[in-house]
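Beneath this line is the structure, given in structure tokens, with notes to follow.
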Amino acid sequence: MHPIDLVLQLGLAGISLIANTLSAFAGGGAGLVQLPALILLGLPFAMALATHKLASVALGLGAAGRHWREGNFDIRLSGLMLAAGLPGVWLGSSLVLQIPDRLATTALGLLTIGLGVYSARRSGLGRLDAESQISWERCRFGGLVLFAIGVLNGSLTSGTGLFVTLWLVHWFGLSYTRAVAHTLILVGLFWNGTGALVLGFSGEIRWAWLPMLLVGSLLGGYLGAHLSISQGNQRVKRAFEVLALVMGASLLIRSIGTS
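Right, here's the structure in full:
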């Protein structure tokens, strides 16, 4: 292997490890680090998006085993997230090339900052489990919002896991640690897998970059999940808030830079 190619592959593994460790710890945001990095390394947006989504499937795999042993999953809620979110992901992935990138990036940046501010102002939010009964009314509205987030996930990818995490905390009463567990497995594995499948048929994937991205994603998913469980809800809450504010600001800077 040429030295330049070796440096590139090691760099891809490092980027993936950092992005997915942060994502697995805070409950989302891998795309806010990994996707721009792939674009800066020379990939067109659609190819970078498809490659990132396929690599991010390993994030769910890496986190699944660690969270599963802790019993952090609700089967009914998981079914709702799949039933409501997957159609949204398919729709968003199908429409991704028709969305004005600058406008969407600006809106997503503002929304992401809003998530961090909202969580920071609610000191007791997500500290303890207060899981609400999934009544028909709660299920219907909660599923509608998950569908909308799924559309964003399929079309923009960056940071939408943070949306899911906060929605599970706010609407369904999960602690941050349990919400992160659901986000990592169901969004990382199933939502991103669906998006990668749709984009794979309509665009290209940089297959030569995938092995190292997958290694970093798998290791980062497990490491971040371990940190999330061992550090407790308060640390995860703070990590979520900091990541939401930083990544929201980075999206705004990126949108200004493309003007």
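Per the numbering used here, residue 771 is the first one in the sequence shown, and the count goes up by one each step.
The beta carbon of each residue, even a glycine, is placed where N, CA and C say it ideally should be.
Of the choices L792, G931, A853, whose alpha-carbon is the least far from that of L881? G931
Mapping the DSSP letters down to three states, classify G943 as helix, strand or coil. coil
Taking the beta carbon of W979 as the centre, do at least 16 other beta carbons fall within 10 Å, making it buried, or is it exposed? Burial is judged here by how many other beta carbons sit within 10 angstroms of a residue's own beta carbon; W979 has at least 16 and is buried.
Could you tell me the alpha carbon to alpha carbon distance between A800 and R908, rounded to whole angstroms? Distance between the alpha carbons of A800 and R908 is about 29 Å.
Report all residues from its chain with a CB closer than 6 Å to the CB of L811; omit the five preceding and five following residues, and keep chain order. none
Is L830 buried or exposed, if buried means 16 or more other CB atoms sit within 10 Å of its CB? Inspection of the sequence shows that residue 830 is occupied by Gly rather than by Leu. Classification for G830: buried.
To the nearest angstrom, how far is the alpha carbon of S925 from that of L856? Using only the alpha carbons, I get a separation of about 13 Å.
Report all residues from its chain with a CB closer than 6 Å to the CB of N790; omit the five preceding and five following residues, and keep chain order. A800, L829, S987, G990, G991
Taking all protein chains shown into account, decide if S945 is buried (16 or more other Cβ within 10 angstroms of its Cβ) or exposed. buried
Selected residue, minimal CA-CA separation from A949, among L1013, F795, D775: The alpha carbon of A949 has as its nearest neighbour, out of L1013, F795, D775, the alpha carbon of F795.
Supposed close pair V758, T953 - CB separation, criterion 8 Å: Coverage of the chain is limited to positions 771 through 1029, which leaves residue 758 absent and any answer about it impossible.
Go to V1033, then tell me how far its alpha helix (DSSP H) extends in each direction, as first and last residue. Any question about residue 1033 goes unanswered here, given that the chain covers just 771 to 1029.
Indicate whether L969 and A816 have their beta-carbon atoms separated by less than 8 Å. Cβ atoms of L969 and A816: closer than 8 Å.
Which residue from N923, L787, L1015 puts its Cα closest to that of M851? N923
Among A820, R872, L787, D844, which residue has its Cα nearest to the Cα of I955? When each option's Cα is compared against that of I955, the closest is D844.
As a quick exercise: from L959, G879, A834, pick the residue whose alpha carbon is nearest that of V1016. Taking the Cα of V1016 as reference, the smallest distance to any Cα among L959, G879, A834 is reached at G879.
Keeping to the same chain, check which residues put their C-beta closer than 6 Å to that of I919; ignore five residues upstream and five downstream. Closer than 6 Å at Cβ, skipping near neighbours: T930, F933, V934.
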